[in-house]
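Numbering (our numbering), first residue to last: 3 to 180.
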């Protein structure tokens, strides 16, 4: 094989890296959000009341650039509620279609487990983005959450029961017009 027949990555590493960077610059970029399904000993679900939107939500938030989803959720729990958890089990990933001013996104839900009394007592609002937090029943969660977030939570609850992570494909354009 002549040197010209060899692949670019063998002939010229710098040119190959430049070629990869050019291709990478044209790839899709996704917003990534990561939440946690956290319960108390009675099976109630921890929800937060964000100050920047009208409905309650699962605790968590948006990932920073190049931040792994589970670490984004861990950081958000720490920043917003003073809660230190290791999130290792993914329950749901939801591809959310573009809507309003937003591009598409990938939204993850991780299993935050069951908090003990000490952990619950240490919870506090630590960020002005959160007005309040509360443990609620599954039925209450269904009424407090936007329909697409409820769908995500419902699938996360099923994943916790059947042991199979879920994949959702959500279109949220309907709630924007209502």
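By construction, the Cβ of each residue, glycine as well, lies at the ideal position given by its N, Cα and C atoms.
Only residues of its own chain outside the window of five on either side were considered, and among them none has a CB closer than 6 angstroms to the CB of residue 30. The alpha carbon of residue 126 has as its nearest neighbour, out of 119, 84 and 36, the alpha carbon of 84.
Around the CB of residue 64, fewer than 16 other CB atoms lie within 10 Å, so the residue is classed as exposed. One thing to note: residue 161 has its Cβ no nearer than 7 angstroms to the Cβ of residue 112.
According to the DSSP assignment, residue 156 belongs to the alpha helix (DSSP H) that extends over 149-164.
The C-alpha of residue 82 lies about 10 angstroms from the C-alpha of residue 52.
Residue environment: residue 154 is assigned as buried (16 or more neighbouring CB atoms within 10 Å of its CB, all protein chains considered).
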